[in-house]
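This report concerns only the one structure given below.
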Amino acid sequence: EVRAAFRDLSRVYHPDKQRSDSGADGTSSAAESAFMRVHRAYRVLGDDVLRSFYDRYGLSGVRLAESLSDDEGEPSRGGEQV
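So for the sequence shown, my numbering puts the first residue at 35; every next one is plus one.
Printed below as a string of structure tokens:
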């Protein structure tokens, strides 16, 4: 369910699909921002640990969990470097 919603929204908000309000590099900053929000939501909802932090503490809890995992030398979630 989450994966299907992510696929649909990522197609809609992908920066390469949004050329109407483009900047100097041909992409829309609003589209990039929306796409990054969709990607982050998918990453949080797809990870049981991050999802539990989000359910308990909201976005600040997720940021805290990510910063703690980075401080301990573990790779950040989803293969991304924050």
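Glycine included, C-beta positions come from ideal geometry on N, C-alpha and C.
Assigned with DSSP and collapsed to three states, E66 falls in helix.
Nearest neighbour of R37 by Cα position, chosen from A64, D50, V72, turns out to be V72.
Where D42 is concerned, the enclosing alpha helix (DSSP H) starts and stops at 36-47. Around the beta carbon of A64, fewer than 16 other beta carbons lie within 10 angstroms, which makes this residue exposed. Our two residues, E35 and A99, have alpha carbons roughly 25 Å apart in a direct line. Note on geometry: alpha-carbon atoms of A75 and D81 lie some 10 Å from one another.
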